[in-house]
Structure formats: structure tokens, C-alpha cells
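Counting from 1, one number per residue, gives the positions in the sequence shown under our numbering.
Everything on this sheet refers to the single structure shown next.
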Amino acid sequence: MQQSQPLAAQVSMAPSAYSQVKWMTCLMFFVFAMTTDAVGVIIPQVVQQFQLSLTEAAAFHYVPMVFIGLSGLFLGRLADRFGRKTVILSGLALYALACVAFVFGEDFLFYLLLLGVSGLAIGLFKTGALALVGDVSADGHSHTRLMNRVEGFFGLGAIAGPALVGMLIAAQLGWTQLYLLAGLICAVLLLMAARLDYPAYQPQPQSSLWQSLKLAKDPYALGFSLAIACYVATEVAIFVWLPTLLQSYEGQQTLLATHAITLFFVLRTTGRFLAEYLLLKFDWTVLLAWFGSAIFLCFALSMWQGVSWALWLMPASGLFMSMMYPTLNSKGISCFSRDQHGAAAGLILAFTALAAALGPLLMGIVGDALGDVRYGFYLATGFAGLLCTGLWWNYWTQPAAARLQQTH
């Protein structure tokens, strides 16, 4: 395997330029989280507006996820072949157009079409941005800490999106206005991304689709991708279906039930910013193993004790979920040399999106078949159990330690 060069040999940029690139990457994650993670509060509106079943409404989540996955798998290599800037600009432009177009129609299929286009765009600029994180990171440890910070801004967007939808509904305005706002912010980001200096990078013209697909045979790429798939299937269960589950709550904590998703996102975001400190003090494998156990307990106890416990435990699981995705994602990408970061990020993104699409869809199908969405949460509890088991195995065996040391 080709060894990664020291950072000093890879790039030559002023510290202020590094800072600007990092801030731009954080803001990109913020803006697309505004739409993707607001789906949990949009789905009840869509169900009422178009008289849909749970399975039909789940399309609002799995359609963009499928296209994000396809984009990551088949187009992720473009960040290696043509450079990070070209891919980022193309993705941002397409995403801005798709978001603004939401205000020009009121048809469910039209919305699904735009969600597919936005998913394609997210897959483009996200793989470019993930590769860029590797370009500005000195080693694997700094890469993981920066990834948690970037995903922390994703978490801030995930808080802002549902909150804005709630404000729009309260003001009797359409939820589609959220997409208009996201499109306008993205247009500003596009101008920013076009003007910034990027780390020096030599495009890899030999990068091909076949070479990208070959990564799926690599045990490290496949292992991290499967771990991320289990995590994502667990996480999206909360922000897609928890609002629907809590509609059956009849206790006194109605305010908490109303803002449970917001609390989940706040705790998840807080944990991601704290992760930069925790990763300086503890080994990432032991942190993830214990946090995986806590996530499984939150789900298992919620299913055992019912919705009154789920009201507290499901949002609380966000704190333990916080560093899962950015850390696993970072380590998976760091198993490869810098000129493969785009392809590796794209492959992991494909597994991410596949799990994000299939998880809520299967939960919706199970909920429709058995007459209650809580039965879908039993399935999500199984995903959490698989994640917990895999993370403890990773801690005990340290399978990627040698590979991560080799590539940095």
C-alpha cells in the first residue's frame, strides 16, 4: 500500500488558509443537515398533506439516502480523480438548485424527485469534503478530532432544521420554506468555496470506478462500513420515527415529548464537540465500546418499559451516539492513503446511506404490518445490539491498529 506523505510534504498553506477551509467544511455539513435531519418532523406533515401510510411516508427519507449512497459509491472517486474543489463546487451548485426548486411545486412525486437530486448533490460535495478533511489533518488522531468537530456542526444543523420547521408550522407557513433557506445558504457557501485556496493535491487520472469498487473487498473498508451501517440504522430510527412513537404518550411531560428530537440532537451535538477532548484522554476503541453498550441499554429499556421510558432514554442516547459516526468514519478513511480518501469516503457514505434508507423503511413496513410503530423499534434495538457486539470485538482484538499505524 502506498504510504501517506507527511503533511508538510503534502500541502503548503498559511495557517489562516487551513482555518478557512476547515470552517467552510463545517458550514457545508451544517447546511445539508438542516434538511436531512428535519425529516422526522416533516414526515407527519407530509402524511397529513398527502394521506400517506408509514411505508409511503418513509420515502421522504429513503429516497435522498439512496441517491446519496449511489453518488458516494459511483462518484466518490471523482474527488481523487479531478480534485476536491471541482467536486465540492459541483455538488454545492446542484444542491442549491434542488433546494430552491421546492417552492415551485406541491406534488409528492415532484418532491421525491428533488430529494433524489439533492441526495446526488450531497453525495458529491460530502465525499469531496471528507477527502479535504484528510488533506488538512496531520495524522490519524487529528483527523478523528477534526471529523468530530465537523460532525458537531452537522449536529447544529440537525438542531436548527427541525426547530425551523416547527417555527414555520407555528407561523402557518409551508415546511418547504426550509429548503428555500437551505438553498440560499448553500449559494453563499458556493461563492465561499470558489474563492478559497485549497491544499495542494495531485489529481489521480488513473482512478476508475473499478478501483473504487475493489475497495469493498478490503476487510478494513468493509469492516468499518458495516459498523457504520449498524450505527446509522440505530440512529435514524430516532430522528425519523421517534416523533411518531411519542404521539401515543399520555403522561404529564408533554413539553418534553414535543421537543424530544431537539433534545436528542442537542445531546448528540454536545457530545461531538466534547469528543475532541475525550479522544485526547482515552483510546477510541474503549470509548466506542462503552458508548455502544449505553446505546443498546437505552433502546432495550425503552422497549421493555414502554413509551414513558422511551421519552427519556431515546433522547439521552444521543449523547452516547455523538462520537460514533465521525470516529468510525475517520478511522475507516484513515486506513487508506491520501490519494484514495475520496473513494474510501464514497464507499463508507454508500453504506451510510443504504442503512439510513433501509432502516427506517423496514421499521415502517414492520409498523404497518403489526399496527404500531413501536414494533419497528424492536428491529432498531436489534441493530443497536449488533453495534454493541461489534464494538466490543473491535476493542478486544484491535484489528485495525497495524493498518492505521502503517498509513500515518
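Glycine residues also receive a C-beta, built at the ideal position from the N, C-alpha and C atoms.
None of these values were measured; they are calculated from a predicted model.
Straight-line measurement puts the Cα of V240 at about 14 angstroms from the Cα of V165. By the Cβ rule, the region 46–54 does not count as touching the region 305–322, because fewer than three pairs are nearer than 8 angstroms. Nearest to L387 by C-alpha distance, out of F296, T55 and G119, is F296. Judged by DSSP secondary structure, S90 falls within the alpha helix (DSSP H) whose first and last residues are R84 to V100.
Assignment of E106 by DSSP, reduced to helix, strand and coil, places it in the coil class.
Here DSSP, grouped into helix, strand and coil, assigns D372 to coil. Only exposed fits R195, as fewer than 16 other CB atoms lie within 10 angstroms of its CB. Contact fails between the region 256–269 and the region 336–356, because fewer than three Cβ pairs, one in each stretch, are under 8 angstroms apart. In the structure shown, Q252 falls within a coil segment according to DSSP collapsed to helix, strand and coil. Taking the Cα positions, L256 is about 7 angstroms away from L311. Looking from the CA of G76, the closest CA among A121, L114, A58 and P219 belongs to A121. Between T127 and G332, the C-beta spacing is not below 7 angstroms. In the three-state reduction of the DSSP assignment, T234 falls in the helix class, which pools H, G and I. V100 and W304 have their C-alpha atoms some 44 angstroms from each other. For V133, the secondary structure class from DSSP, reduced to helix, strand or coil, is helix. Taking I348 as reference, the option from I261, F336, I228 and A260 with the minimal CA-CA separation is I228.
The criterion of a C-beta distance shorter than 7 angstroms is satisfied by M28 and A129. Secondary structure of W175 (DSSP, three-state): coil. Burial check for T36: the Cβ neighbour count within 10 Å reaches 16 or more, so the residue is buried. Taking 7 angstroms as the cut-off, the Cβ atoms of T244 and F383 do not count as close. With distances taken between CA atoms, D135 lies nearest to V21 out of A294, V21 and G359.
Taking Y395 as the centre and dropping the five residues before and after it, the same chain places the C-beta of T285, V286 and A289 closer than 7 angstroms to its C-beta, in chain order. In this structure, G367 lies near G376, with their beta-carbon atoms less than 7 angstroms apart. Only residues of its own chain outside the window of five on either side were considered, and among them C388 have a CB closer than 7 angstroms to the CB of S293, listed in chain order.
Closest in alpha carbon position to G40, among T258, A345, S19 and P326, is T258. With a threshold of 16 other beta carbon atoms within 10 Å, E250 falls short and is exposed.
Between V307 and S248, the C-beta gap is smaller than 7 angstroms, which places the two residues in contact. Listed in chain order, the alpha helix (DSSP H) runs fully inside the region 306–344 are 307–321 and 324–334, counting runs of at least 4 residues.
DSSP places R77 outside both helix and strand once states are collapsed to three, so it counts as coil.
Look at the beta carbons and you see the region 86–106 not touching the region 150–157: under three pairs across the two are nearer than 8 angstroms. Pairing R145 with L279 gives a Cβ-Cβ distance under 7 angstroms.
In the DSSP assignment, L54 falls within the alpha helix (DSSP H) that extends over L54 to A57. Taking the Cβ atoms as the reference, A182 lies roughly 17 angstroms from L89, outside the contact range of under 8 angstroms. Around M34, the same chain offers G157, A160, G161 and A182 as residues with beta carbons nearer than 6 angstroms, after the five sequence neighbours per side are excluded. Between R84 and A131 the beta-carbon gap is near 6 angstroms, inside 8 angstroms, which marks them as a contact.
As the crow flies, the alpha-carbon of T381 is around 22 angstroms from that of I43.
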